[in-house]
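So the sequence shown is numbered by the numbering used here: it starts at 16 and just counts up by one.
Ideal Cβ positions, reconstructed from N, Cα and C, are used throughout, including at glycine.
Structure record follows, encoded as structure tokens.
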Amino acid sequence: MVTNWNKDEVKKVLVINGSPNRNRSNTLVVTKAFLKGLNEDNKLDIEIVNASDLNVKPCLGCLSCWGRTAGECVIRNDDILPLKEKILTADIIIASYPLYFFSMPGVMKLITDRLLSMMATYEGQKAPENGQSFHGFRYYNEKQRFIIISSCAYTEAKAAYQSLLLQHDAICGKSNYTAILVPQMKTLLDLHNENKISRYLNKFTLAGQLFRQQGFLSLEELENLSKPPFTEGAYKIFLNNFWESEKNKGK
Ligand SMILES: Cc1cc2nc3c(=O)[nH]c(=O)nc-3n(C[C@H](O)[C@H](O)[C@H](O)COP(=O)(O)O)c2cc1C
16 MVTNWNKDEV
26 KKVLVINGSP
36 NRNRSNTLVV
46 TKAFLKGLNE
56 DNKLDIEIVN
66 ASDLNVKPCL
76 GCLSCWGRTA
86 GECVIRNDDI
96 LPLKEKILTA
106 DIIIASYPLY
116 FFSMPGVMKL
126 ITDRLLSMMA
136 TYEGQKAPEN
146 GQSFHGFRYY
156 NEKQRFIIIS
166 SCAYTEAKAA
176 YQSLLLQHDA
186 ICGKSNYTAI
196 LVPQMKTLLD
206 LHNENKISRY
216 LNKFTLAGQL
226 FRQQGFLSLE
236 ELENLSKPPF
246 TEGAYKIFLN
256 NFWESEKNKG
266 K
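Spelled out as structure tokens, the structure:
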């Protein structure tokens, strides 16, 4: 039960779209369905930033942001500083991206590394939930929410996302983020069955409404969102047909 949530205080939503497919991202289709529910009263200021359009230099590993300065990165001539401002002023931050090799796409890792300056220095502190070593956030705001919305090709979201979830449990703390994990998404959209798509996406719109109301989604709700749209057998046939037709395009 989350007590520090007042849906009427929520004003700004920042979406970081980490798909290299930018506005053609399949994941973004789910994210937009979720946003529709989140913003049913049309009062939210929603900004979508395409990570692939940002100029982001890799972290230099100098640790200046932890030592010599209080959270300031020495690289000042790229887009990380404005992105940090957007993150700090958003009430809800949504990272929307596909699963790449059971992790986040490279552009998101590049951004994540550069956000080291937003983490507290490690001085032996432990996460309250599991006693593991834990940085915690430099600018922790208990009213802010962080949501990951990710889609993947596999059927079993639980297994495919195991490493990404462990990574985020360690970065954010186990219950400090919400992960909406969506299998088989590209195939669902590729088949253009508009009725099936709209019924499927409606689940995410309802989840967006619920999240706005209560500031979290239960494990049961999250599991329901991760149910694949197709049976394993049907999906196998769709995939075979898809790769056959791709091969034929090359002929
Ligand atoms: C480089 C690369 C790596 C991928 N790795 C995985 C993976 O590890 N597991 C998986 O289920 N799907 C994987 N996929 C499939 C994508 O996650 C999936 O097609 C996703 O829905 C694409 O989302 P987007 O349209 O938003 O980019 C990978 C795709 C690419 C291009």
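### Message
Taking the alpha carbon of I162 as the reference point, which residue from Q228, P73, C187, R83 has its own alpha carbon closest?
### Response
For the set Q228, P73, C187, R83, the Cα lying nearest the Cα of I162 is the one of C187.
### Message
Please return the same chain residues whose Cβ sits closer than 8 Å to the Cβ of K99, not counting the five positions on each side in sequence.
### Response
L130, S132, M133
#### Entry: 8 Å contact criterion, which A110 and I212 should meet: CB distance rounded
Not quite, the Cβ-Cβ distance comes to about 23 Å (not below 8 Å), so this is no contact.
### Task
Can you grab the Cα-Cα spacing for the pair Q199 / E209, in whole Å?
Between Q199 and E209, the C-alpha separation is close to 16 Å.
### Query
For N41, which of helix, strand or coil comes out of DSSP?
Of the three classes helix, strand and coil, the one that applies to N41 here is helix, per DSSP.
### Beta-carbon contacts of N19 that lie in its chain and below 6 Å, excluding the five residues immediately before and after
E157, K158
### Query
Which stretch, first to last residue, makes up the alpha helix (DSSP H) that contains S213?
That run of the alpha helix (DSSP H) goes 209-229.
### CA-to-CA distance, A174 to R39, given in whole angstroms
For R39 and A174, the distance between alpha carbons rounds to 26 Å.
### Message
Threshold first: 3 residues or longer. Then list the beta strand (DSSP E) segments lying entirely within the stretch 68-135, N to C.
### Response
107-113
### Query
Roughly how far, in whole angstroms, is the beta-carbon of V45 from the beta-carbon of S241, given that I think they are within contact range, below 8 Å?
Contact doesn't hold; Cβ gap of about 11 Å is too wide.
### Task
Would you list the residues sitting across from A194 in a DSSP beta bridge?
I163
### Query
Going by other Cβ atoms of all chains shown within 10 Å of its Cβ, with 16 needed for buried, is I95 buried or exposed?
Within a 10 Å sphere around the beta-carbon of I95 sit 16 or more other beta-carbons, which makes this residue buried.
### Message
Checking the sheet assignment: what are the DSSP bridge partners for N32?
### Response
DSSP lists N65, S111 as partners of N32.
#### Entry: Pick from L254, N65, A194, F226 that is closest to V122, judged by C-alpha positions
N65
### Task
Would you mind reading off the limits of the alpha helix (DSSP H) that contains S178?
Looking at the DSSP string, the run of the alpha helix (DSSP H) that includes S178 is 177-187.
### Task
Look up P60 in the DSSP assignment and say whether it is helix, strand or coil.
Going by the sequence as given, residue 60 is Asp instead of Pro. Strand.
### Message
Looking only at its chain, what residues have a beta carbon closer than 8 Å to the beta carbon of S178, apart from the 5 residues adjacent to it on each side?
### Response
F117, S118
### Task
Please check the pair K201 and A168, which I expect to be a contact at CB under 8 Å, by giving their CB distance rounded to whole angstroms.
6 Å
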